[in-house]
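Reading through the structure tokens given below for one structure.
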Amino acid sequence: MPSIRTEGREHVPARPAFFVPNRIPNLEVLQELESLLGGTQRVAWLVEETCMPTGEVMDYLRQSRAAGIMGSMARQSGIMLAEQLHDMMGSGRHVVLLTGPRDSEDGATLSDVPGRLLSHMDGCSLETVPVYVGMFNEGLENTVTTQQPCHEVRMRVMPPIRGKGAQSARVLEAWMECSADMFAELPLPEDCSLARMLVTCMQSHAEAKIIDGIDDSELTFRQLLAISLMLSRHLRRTITHKRLGVILPPGKRAAIANLACLFAGIAPVNINYTAAPEIVREMMLQAHVTRFITEARFVSLQSKFQWPPTRDLIYIDDTLEALGNGRLRVWRAMLRYLRTDQLLRFLKLPARKPHDEVALIFSGSTSGAPRAIVLTHRMALANLMGLQSRMQLREGQHILSTAPLYCSAGLIPGLLMPLLYGYNMVTYPSAVDAGSRLRELVLRHGVKSLVATPDVARALIADGQDCPLLNLKYLVAAGGPVPPALARAVKERLQTTLLGSYALSEAGSLVSLSQNNTPTATASVRQTAPYLRQEGIGEPMPGIAVSISDPRRPSHLLPVNTPGLVWVRGAALTHSYQDNEEATIANIRNGWLRTGDLGMMDADGKLHIFGTRERYAMVRGEFIPHTALENLLLEGFGETDPTATERKIAIVSLSDRDARDHLIMLTTLPADKLPPDIAVLSYGIRNEGYSENWCPRIILHVPEIPALPNGRLDYAGCCALARQELARME
């Protein structure tokens, strides 16, 4: 039986109040809460018939003759329910919302309370007291859980919420903040050295494999560890700086290079070899790196990349050959015959504190000036614990890793996670033009997880063949929004679900992950934002809190189902940008990171992302995300080929002298694909249930849509092109 720790007794009001726990996982927690509130005679339970508690809990309530209210959203209005609550509280009892466990395999989730039930109570004037119940295990394995048994349950009563209106948003916000706080308070080992943990875990999962998807060659984790330790000794002797640049695609050699850096006490800096030359130079300057590790073959393949002078390059293939097989055999024998504690004493890996540097990563390195972020041991471990708690994978299962290690989906989910948890790792360096090979790898190895860009999902279906990938549990799109047509095509052709996610470099990895991308948005969401066709990109990862503010008034928080500017905080997030006080002050406030993205939280605690802050318009007071409008227009014009990578429509908003936004559509579509005039287009948009504010003011035909080197929209270039075309028309 888990221990139960109760906190926040001082927040229990003397007079009756309405208590809203995020979950009551078992009878013991219910009895602890009942005792905290004064016993059976002081408590009444509110049960909604659509989410009934377990039979064990209901039997206890009947035997103890507990007072209660049986509610029904289908038959009772929020006002009727509030009147019943008032009457019960008038008899001197606290009322506690009691729901059953969520029927889900989603891993750790924020709440068992359906969002529609929370929203049903909006507008009541009751004093509402949020209660957060967190369930935790010891160590890195499923640290945050909703499954029983667990090692510890922490129940925290939070300050009462007073005043009328937006109760659901305020309760949801309180739960998320408490979840992030509890996660940040989890004890970490005194020595937080990721290098020591990697040695220990790779030894314990010695027969797990890294498989090269190019030539099908394999290395066991023990072999990988031996090569990396051998190279680390060489780097420790030859590299005098605290950081080393790594310019390699996903694969065995990228894994060896990054591990060798960690074992040598050097922070790897994975360089984005697809970025513009000026961006790459800025990254190198900010990282203060003068030496780089790469592969001779990769240098010849990346002929457009402006490589540093040859004297500054370490060729990993040549170096490993020079170190020799004899030395490698010694390392292999040592790993085979030494116990892990003996090996760690021999290696003398330096102890590390939570806020010591693991690696240097970059934010904004493809669309603007890069900002350097120190990835600490605490950030990395918090990411790993959150990912493992949400993605229910088992030791020995396969992960397909295609994301470069310089991006959020590469280093932690793609490399460190499988090494620490014993997942077999299949790597492939460039997946956007190799869909048939990717399908072959997924089927051959029974791959369970693939975190990649939407372009990789397009590659999987590019030849139009139906190829069910039934074993693929997590096909996660990171690094861009998922167009509805692409999600549908993946479902139809691969018979798997393309899951949305939200990744940030400042968080080191994923901020949220969807478990389902089917059209299940609630009616309240559809009424507020009718363009929502998917359920969003899931709940925030364990330990991450999300807040939505008015884009023009950052201090003004918005209720659920209201689009605005996305803020996040948690143990996995950075607290500053390296050597960039201006960016730190502008974007990080009291531990909250301003993401620069626009989105909203729905009542179920799921996050929706609409694009960057610059990609929205406010037309006559209505919030209009450019990406949503582009998807609507593409659907209307019949341009829904899910494999298409060429952008055919781009929406920009330009302001007039009175600071009013006007929507402009840039398009490369031929005239016969478009409506004859704006009036016809406006009618078609309104016929889909949108207001006339969604209709672009003017359509501009252009030869091509400006794009950045990484393929994303060049929004600044689009705005400049629109102004140029409008000036030419005057």
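Mapping to the working numbering: the sequence shown position 324 is 320, numbers consecutive. From the three backbone atoms N, C-alpha and C, an ideal C-beta is built for every residue, glycine too.
- Straight through space, the alpha carbons of V127 and P477 are spaced by roughly 34 angstroms.
- Taking C-beta separations shorter than 7 angstroms and ignoring five residues to either side along the sequence, the partners of W171 in its chain run N18, L106, S107, P126 and Y128, following chain order.
- R549 carries a strand assignment under DSSP once its states are collapsed to helix, strand and coil.
- For the pair E631 and A481, the CB atoms are nearer than the 9 angstroms cut-off.
- For the set I289, R325 and R332, the Cα lying nearest the Cα of D314 is the one of I289.
- At a cut-off of 3 residues, the continuous stretches assigned as beta strand (DSSP E) that sit fully inside the stretch 614 to 640 are 618 to 621.
- Within the same chain, T216, F217 and R218 come within 7 angstroms of A202 by CB-CB distance, once the 5 residues on both sides are set aside.
- With contacts defined as CB atoms closer than 9 angstroms, P264 and V486 fail to qualify as a contacting pair.
- Pairing I157 with C174, the inter-Cα distance amounts to about 14 angstroms.
- Restricting attention to P425, Q388 and Q384, the CA atom closest to the CA of L401 is found in P425.
- Here T306 is exposed, its C-beta having fewer than 16 other C-beta atoms within 10 Å.
- Around the beta carbon of D55, a 10 Å sphere encloses fewer than 16 other beta carbons of the protein chains shown; the residue is thus reported as exposed.
- In the displayed model, F294 falls within a helix according to three-state DSSP.
- In this structure, L696 lies near L717, with their beta-carbon atoms less than 9 angstroms apart.
- Looking at the backbone, the Cα of H90 and that of H82 are separated by about 10 angstroms.
- With fewer than 16 other Cβ atoms from the protein chains shown falling within 10 Å of its own Cβ, N321 counts as exposed.
- Non-local C-beta neighbours of I584 in its own chain, meaning closer than 7 angstroms and more than five positions away in sequence, comprise H571 and S572, ordered along the chain.
- Counting only the Cα atoms, V564 lies some 24 angstroms from Y470.
- Between I544 and L554, the beta carbon gap of about 5 angstroms places them in contact (Cβ cut-off 8 angstroms).
- At a cut-off of 3 residues, the continuous stretches assigned as beta strand (DSSP E) that sit fully inside the stretch 322 to 404 are 353 to 359, 367 to 372 and 394 to 397.
- W303 sits in coil when the DSSP states are folded into three classes, being neither helix nor strand.
- At a Cβ-Cβ threshold of 9 angstroms, A405 and G496 do not count as neighbours.
- The straight-line gap separating the alpha-carbon atoms of T139 and S385 is approximately 6 angstroms.
- In the structure shown, Y573 falls within a coil segment according to DSSP collapsed to helix, strand and coil.
- By the beta-carbon neighbour count (other beta carbons within 10 angstroms, threshold 16), M193 is buried.
- For the options E642, I660, E137 and C257, the alpha carbon positioned closest to that of P621 is the one of I660.
- DSSP, reduced to helix, strand and coil, places V478 outside both helices and strands of the structure shown, so it counts as coil.
- Between G634 and the set A378, D668 and L297, the nearest pair of CA atoms involves D668.
- Comparing alpha carbon positions, the residue from V507, A582, P550 and I533 closest to L569 is V507.
- Leaving aside the five residues that flank A503 on each side, the residues in its chain whose CB is nearer than 6 angstroms to its CB run, in chain order, A568 and L569.
- In terms of Cβ geometry, P547 and R609 form a close pair [threshold 9 angstroms].
- The residues Q491 and T492, in chain order, have a CB closer than 8 angstroms to that of L466 in the same chain once the five nearest residues on each side in sequence are set aside.
- Taking one beta carbon from each stretch, the stretch 234 to 253 and the stretch 173 to 188 have fewer than 3 pairs nearer than 8 angstroms; the two do not touch.
- Distance from R719 to L625 at the Cβ level is roughly 19 angstroms; contact not present, criterion being Cβ atoms closer than 8 angstroms.
- Residue pairing of W563 in beta bridges, as defined by DSSP: S543 and R590.
- For N627, the CB contacts under 7 angstroms within the same chain, skipping 5 residues up- and downstream, are P479 and P480 in chain order.
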